[in-house]
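Take a look at the structure set out below.
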Amino acid sequence: RFLRANGIETTILDHDSDRVNLLRKMGFNVYYGDATRVDLLRSAGADDAKILVAAIDSPEINRELISTIQKHFPGLKIMARARSRVDAYELLDIGLKDIYRESLHTSVKLAVDVLTLLGQRRYTATRQGQKFLKYDDDTLVEMADHRHDMKQYVIKARETFKLQEDLLSKDLAMDPGVGDHSWDSENIRETLDKLSGK
Numbered sequence: 006r007f008l009r010a011n012g013i014e015t016t017i018l019d020h021d022s023d024r025v026n027l028l029r030k031m032g033f034n035v036y037y038g039d040a041t042r043v044d045l046l047r048s049a050g051a052d053d054a055k056i057l058v059a060a061i062d063s064p065e066i067n068r069e070l071i072s073t074i075q076k077h078f079p080g081l082k083i084m085a086r087a088r089s090r091v092d093a094y095e096l097l098d099i100g101l102k103d104i105y106r107e108s109l110h111t112s113v114k115l116a117v118d119v120l121t122l123l124g125q126r127r128y129t130a131t132r133q134g135q136k137f138l139k140y141d142d143d144t145l146v147e148m149a150d151h152r153h154d155m156k157q158y159v160i161k162a163r164e165t166f167k168l169q170e171d172l173l174s175k176d177l178a179m180d181p182g183v184g185d186h187s188w189d190s191e192n193i194r195e196t197l198d199k200l201s202g203k
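To convert, take the position in the sequence shown, counting from 1, and add 5; that gives our numbering.
In structure tokens form, the structure reads like this:
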């Protein structure tokens, strides 16, 4: 819905007939069937598509789809959802670079809300969350290299966590500047009241 709301035409492939019917009623262009089938991908427009978002619930089937795309549609950009850090490592193993870990983003959004409820300004908490995601993404490949040696993996994880904490602490200690209040509810209400003449 977000892409469509921004004027991006999307085609959805799904194997759940009830969901296909519902999405079609909502006006989406949906194909029913196994998304790993080359003929279905061609019918859905994969030859002309610019980007494929691989977000199948089963990590194994998602990787199968990605391998099919890499083999039959090598020019098609793939962006994939990973169910976990381990799933992300396996996507890295098959050559993917644009990986989005669903549990990570939800956890960070929750943590941003916790920080806000504990008194941190919304902008500061959001900025810290975004920086955390960036730092974590930057270390994903490095951590993947150590995942088969648990001792080395734990050592590297501790080093990475310490570095992330230090970087975020330094950022937090910096002067937030004038715009730091702009995302707080009270500031937004005041701005809206001023704009509406109240």
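Every residue gets a Cβ at the ideal spot worked out from N, C-alpha and C, and that includes glycine.
- Scanning its chain for C-beta atoms nearer than 6 angstroms, with the 5 sequence neighbours on each side dropped, one finds around residue 120 the residues 130, in chain order.
- When DSSP states are grouped into helix, strand and coil, residue 56 belongs to the strand group.
- Check the Cα spacing between residue 108 and each of 97, 138, 101, 24: the tightest is with 138.
- Annotated three-state conformation of residue 121 is helix, per DSSP.
- Judged by their CB atoms, residue 35 and residue 42 are not nearer to each other than the 7 angstroms cut-off.
- Here the segment 89–101 does not lie against the segment 111–125, with fewer than 3 beta-carbon pairs under 8 angstroms apart.
- With a threshold of 16 other beta carbon atoms within 10 Å, residue 18 meets it and is buried.
- Counting C-beta atoms within 10 angstroms of its own C-beta, residue 134 has 16 or more neighbours from the protein chains shown and is therefore classed as buried.
- Secondary structure of residue 116 (DSSP, three-state): helix.
- Straight-line measurement puts the Cα of residue 84 at about 12 angstroms from the Cα of residue 68.
- In the assembly as shown, residue 49 is a buried residue. Its beta-carbon has 16 or more other beta-carbons within 10 Å.
- Just so you know, the alpha carbons of residue 10 and residue 159 end up roughly 43 angstroms apart.
- Per DSSP, the continuous beta strand (DSSP E) segment holding residue 87 begins and ends at 82–87.
- The DSSP-derived three-state label of residue 47 is helix.
- DSSP places residue 16 inside the beta strand (DSSP E), whose first and last residues are 16–19.
- For residue 66, the CB contacts under 7 angstroms within the same chain, skipping 5 residues up- and downstream, are 41 in chain order.
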